[in-house]
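>
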Amino acid sequence: MKSTMMQVPLSTNMILERAGTYFGERQVLGRLPDKRYASRSYAEVYRRARQLAQALREELAVPRNEAVATLCWNHAWHLECYFGIPAAGAVLHTLNLRLSPAEIAYIVDDAGDRVVIVDDVLLPLWEKVRPLLRASNPRLVVVPYAGGMALPDGALGYESLIDRDASAYAYPVQDENEPVGMCYTSGTTGQPKGVVYSHRSMVLHAAVGCVPDLFDLSARDRVLLVTPMFHANAWAVPFSALMAGADQIMPGPHLGGEDLLDLMEHAQPTLALGVPTIWMMIHQALEAPTRERRLPKGMRMLVGGAAVPTSMIANFARHDMHIVQGWGMTETSPLGSVPVVKPETLELPLSQQHERRAMQGIATPLVEMRIADETGAPQPWDGQSSGEVQVRGPWVTGDYHGVPRDPAKFTADGWLRTGDVGTIDADGYMRIVDRSKDLIKSGGEWISSVDLENLVMNHPDVAEAAVIAIAHPKWGERPLVVAVRRAGAEVDSAGLREFLRPKLARFALPDDFEWVDAIPRTSTGKFLKTRLRELYRDRVSASPD
Ligand code: AMP
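In terms of the numbering used here, the sequence shown opens at residue -16 and continues consecutively.
1. Which full runs of the beta strand (DSSP E) of 3+ residues lie inside the region 27 to 98, going along the chain?
2. Taking 8 angstroms as the cut-off, is the CB of residue 291 close to at least one heavy atom of the ligand AMP?
3. Taking the beta carbon of residue 501 as the centre, do at least 16 other beta carbons fall within 10 Å, making it buried, or is it exposed?
4. Please indicate yes or no: does the CB of residue 455 lie closer than 8 angstroms to some heavy atom of the ligand AMP?
5. In chain order, which beta strand (DSSP E) runs of at least 3 residues are fully inside the region 105 to 147?
6. Near residue 417, what residues of its chain come up, given a Cβ to Cβ distance below 6 angstroms and the 5 sequence neighbours on each side ignored?
7. When you compare the CB of residue 331 with every CB in chain D, is at least one pair closer than 9 angstroms?
8. Roughly how many angstroms separate the alpha carbons of residue 472 and residue 107, rounded to a whole number?
9. Using the DSSP secondary-structure output, state which residues sit across from residue 429 in a beta bridge.
10. Answer yes or no: do residue 69 and residue -6 have a C-beta to C-beta separation smaller than 9 angstroms?
11. With the cut-off set at 9 angstroms, would you say residue 94 and residue 165 are in Cβ contact?
12. Tell me the start and end of each unbroken beta strand (DSSP E) in the region 318 to 384 that is at least 3 residues and wholly inside, in chain order.
13. Please name the residue in 503, 89, 492, 375 whose C-alpha comes closest to that of residue 529.
14. In or out: residue 409 buried (at least 16 other Cβ within 10 Å) or exposed?
15. Would residue 360 pass as a contact of residue 394 if the rule is Cβ separation under 9 angstroms?
16. Rounded to the nearest angstrom, how far is the Cβ of residue 56 from that of residue 236, given a contact under 8 angstroms?
17. With distance defined between alpha-carbon atoms, name the residue in 140, 53, 189 nearest to residue 316.
18. Among the residues of its own chain, which have a CB less than 7 angstroms from the CB of residue 65, if the five just before and after it don't count?
19. CA-CA distance, residue 382 and residue 22?
20. Would you call residue 137 buried or exposed, if buried means 16 or more other Cβ atoms sit within 10 Å of its Cβ?
21. Does residue 25 come out as helix, strand or coil in the three-state DSSP assignment?
22. Determine the DSSP secondary structure at residue 279, reduced to helix, strand or coil.
23. Compute the distance between the beta-carbons of residue 178 and residue 314, then report whether it is under 9 angstroms.
24. I want to check one thing, is the minimum distance from the CB of residue 214 to the heavy atoms of the ligand AMP below 8 angstroms?
25. Mind checking who residue 391 pairs with in its DSSP beta bridge?
26. Give the straight-line distance between the Cα atoms of residue 464 and residue 232, rounded to the nearest whole angstrom.
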């Protein structure tokens, strides 16, 4: 027997069409650079995304499956790019505006971006990136986010570019396995690597993002996207939200605690997403209010990117705000696991319910998860034995863009090695207990310990240096540089910091230094980071908030 089902290729254009057909009245509410509110309906987003698609194809002649980059905050124009770029048959490439200009330039070159769509308020950053480009020469399109700014020479204005009738625009016919978007991840060493999503992976991920037991997304939701649209596509929630027909709320660059509380009060979101750092800041602002606030009752929060402490879940529950934790990676689109609440959980005392919600949870539908030791042997699901978390699924990357397959990242039987170390209990709930990748996550951004060590050791007065993560109340983790001076040398922490400043993105510049006589080593001569982590376990970073 053969299946009688139609062979319809999956495409993000289906999500755009659905929104345009059924949810035209839904709104994207955003904040402009001067903090004024501005809204745009899905009907407008639909029309304008198609106009952008037509312009990219006809006016800028962007070839099929080539990348078009965005350097933008979260706002309605960016949402149009999310759908308009794929609708042109091109690949949405979101650039992380927090990286250093040299890193952004590397990434633009590596992706071969044909066009870069930049917020007018981010032109000063782009001007620093452009002279560092070596391989690519993208056409510049400027979004009038603040409005009223002069266009740089040779640049096109977004509004005049898309000012056209695209009512008859026909999407290019596509195979569902063709690329739809790409994001870069920072590895332990070396340059960032590109993960390329397909139409198929994005649509399946968006559909599963609408399963109620994840974060209960529906057409009745108003979703606040605090997570930047350049971080794993804001966890790909814009795709699910358009599919479900939920309103979206975009904070733009106004990401401080008070600003976000103002936005929540004004827009009354029912669901919000962001990394723990953001929520810690909001909790502080909530606990020491400058005035009484009318906050959304019963708001759900999807929190991920780093572990969510049990105390945070309990603290927000007292404000009738309910945290759902998500675990995932850029490589996993990113939905990997969620601590789904079963009826049995609701019978537990509240404190135990919060502990369960603080676990990283069970694999999302269509994703498989296991833990394995260093030899690759599967570890038992007893809640005690730990091992590397490995995943497989239709939206998990099987490779990186343009680099030879890295056996350190994939198992012989084709699972992704996440570099996270976890336990899984008898019910299948995973808990992250450690990280085998030598990386530091500071406020949602990665810092490579190994790259930082190499930079520090480039200082002529430093004999050797090791970098580990230490705790910080706001940023989660910050780098601690443990360094040894060369004999007779006099460099101090301030001098070393100044030496590093021009070479690093602002968030990666260390504030904590420890000068020692020698760094503990393993028998094979490698830095013994486990010993350093023990030594500085209680050290709290002095980085400013
Ligand atoms: P990224 O690719 O930047 O999204 O980072 C993915 C990594 O962030 C994962 O491999 C974890 O190390 C970490 N991460 C993401 N979500 C969580 C979570 N809920 N709990 C603990 N770590 C997390």
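Glycine included, C-beta positions come from ideal geometry on N, C-alpha and C.
Reading from the atomic positions:
1. Every beta strand (DSSP E) of 3 residues or more that sits fully in the region 27 to 98 is shown, in chain order, as 50 to 54, 74 to 77.
2. Looking up residue 291 in the sequence shown gives position 308. Yes - the ligand AMP has a heavy atom lying nearer than 8 angstroms to the Cβ of residue 291.
3. The count along the sequence shown starts at 1 and reaches residue 501 at position 518. The residue is exposed, with fewer than 16 neighbouring Cβ atoms inside 10 Å.
4. Numbered from its first residue, the sequence shown carries residue 455 at position 472. Flag unset: Cβ of residue 455 not near the ligand AMP.
5. Runs of the beta strand (DSSP E) inside the region 105 to 147: 122 to 126.
6. Here the question's residue 417 lines up with position 434 in the sequence shown. Excluding the 5 residues flanking it on each side, residue 417 has same chain C-beta neighbours closer than 6 angstroms at 404, in chain order.
7. Although the question refers to chain D, the structure presented lacks it and comprises just one protein chain.
8. Sequence index remark: in the sequence shown, residue 472 carries index 489 (1-based). Sequence index remark: in the sequence shown, residue 107 carries index 124 (1-based). Residue 472 and residue 107: Cα-Cα distance of roughly 38 angstroms.
9. On the sequence shown, position 446 is the one that residue 429 refers to. Answer is 424.
10. In the sequence shown, counting from the first residue as 1, residue 69 sits at position 86. In the sequence shown, counting from the first residue as 1, residue -6 sits at position 11. Taking 9 angstroms as the cut-off, the beta carbon of residue 69 is found closer than this to the beta carbon of residue -6.
11. Stepping through the sequence shown from its first residue, residue 94 is reached at position 111. Stepping through the sequence shown from its first residue, residue 165 is reached at position 182. Yes, they are a contact pair.
12. DSSP runs (the beta strand (DSSP E)) wholly in the region 318 to 384: 318 to 321, 351 to 355, 369 to 375.
13. Because the chain here runs from -16 to 528, residue 529 falls outside it and cannot be looked at.
14. The residue you call residue 409 lines up with position 426 of the sequence shown. Exposed.
15. By one-based count along the sequence shown, residue 360 stands at place 377. By one-based count along the sequence shown, residue 394 stands at place 411. Going by beta carbons, residue 360 and residue 394 fall outside the 9 angstroms limit.
16. For this step, residue 56 is matched to residue 73 along the sequence shown. For this step, residue 236 is matched to residue 253 along the sequence shown. The beta-carbon distance between residue 56 and residue 236, rounded to whole angstroms, is 5 angstroms. This is short enough to meet the 8 angstroms contact definition.
17. Taking the first residue of the sequence shown as 1, we reach residue 316 at position 333. Checked all of 140, 53, 189; the closest Cα to residue 316 is 189.
18. Indexing the sequence shown from 1 puts residue 65 at position 82. Here residue 65 has 75, 221 as same chain residues with Cβ atoms under 7 angstroms from its own Cβ, once five neighbours each way along the sequence are excluded.
19. As a working note, residue 382 is residue 399 in the sequence shown. As a working note, residue 22 is residue 39 in the sequence shown. In this structure, the CA atom of residue 382 is about 39 angstroms from the CA atom of residue 22.
20. For the purposes of this step, residue 137 is taken as the residue at position 154 of the sequence shown. By the 10 Å Cβ count, residue 137 comes out exposed.
21. The residue you call residue 25 lines up with position 42 of the sequence shown. Reduced to three states, the DSSP call for residue 25 is helix.
22. Looking up residue 279 in the sequence shown gives position 296. DSSP places residue 279 in coil when its eight states are reduced to three.
23. Here residue 178 is taken as the residue at index 195 of the sequence shown, counted from 1. Here residue 314 is taken as the residue at index 331 of the sequence shown, counted from 1. One thing to note: residue 178 has its Cβ within 9 angstroms of the Cβ of residue 314.
24. Residue numbering aside, residue 214 sits at position 231 when the sequence shown is read from its first letter. Yes.
25. Here the question's residue 391 lines up with position 408 in the sequence shown. Residue pairing by DSSP leaves residue 391 without any beta bridge partner.
26. In the sequence shown, the residue the question calls residue 464 occupies position 481. In the sequence shown, the residue the question calls residue 232 occupies position 249. Rounded to the nearest angstrom, the two C-alpha atoms are 39 angstroms apart.
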